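Colleague:
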Amino acid sequence: MWIFLGDAATTFASLILVYLFVKETIPSKEKIEESYQLENAYEKAEKGNLWQVLRKRPRLLLFTLISLIYSFVYAQTTFSIPIQVVELFGEKGPKMFGIIMTTNALVVSFLTIIIISLT
Numbered sequence: 000m001w002i003f004l005g006d007a008a009t010t011f012a013s014l015i016l017v018y019l020f021v022k023e024t025i026p027s028k029e030k031i032e033e034s035y036q037l038e039n040a041y042e043k044a045e046k047g048n049l050w051q052v053l054r055k056r057p058r059l060l061l062f063t064l065i066s067l068i069y070s071f072v073y074a075q076t077t078f079s080i081p082i083q084v085v086e087l088f089g090e091k092g093p094k095m096f097g098i099i100m101t102t103n104a105l106v107v108s109f110l111t112i113i114i115i116s117l118t
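With numbering that gives the first Met the number 0, letter number 67 in the sequence shown gets 66, and the count goes up by one each step, no holes.
1. What is the DSSP secondary structure of G47, reduced to helix, strand or coil?
2. Taking all protein chains shown into account, do 16 or more other C-beta atoms lie within 10 angstroms of the C-beta of F96, making it buried, or fewer, making it exposed?
3. For S79, which of helix, strand or coil comes out of DSSP?
4. Which residues in the same chain as K46 place their Cβ atom closer than 8 Å to its Cβ, once the five residues preceding and following it in sequence are excluded?
5. What whole-angstrom Cβ distance do I68 and V84 have, given they're in contact under 8 Å?
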């Protein structure tokens, strides 16, 4: 029970900090009107509904599609891979899954250091 109360307290504390220290970023109507005249197409405001604006920006739609596919594949790490490992290794499945995840974390961590130092 204490962990839930602690989580609630930290969530409430972060809410208060955001409310007090993060400034509102919604532009005024004047700023929106000014942005219609901007040269940079990605910074200016667009007229129309969501679908009309998205049709004008196919790169954004492509990015969204790629992100959706990536998220779906990444979610398999915690959903179907453990099931597959249990099917393959039986009672040793959870232990093997832990070894696989630990190996993955170590490889990513160490290779990141090496790749960053080389580039």
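Cβ coordinates follow ideal geometry from the N, Cα and C atoms, glycine included. Keep in mind it's a predicted model, so treat the numbers as computed, not measured.
Modeller: Answer, in terms of the structure:
1. coil
2. buried
3. helix
4. Y35
5. The pair is not a contact, with the Cβ atoms about 23 Å apart (cut-off 8 Å).
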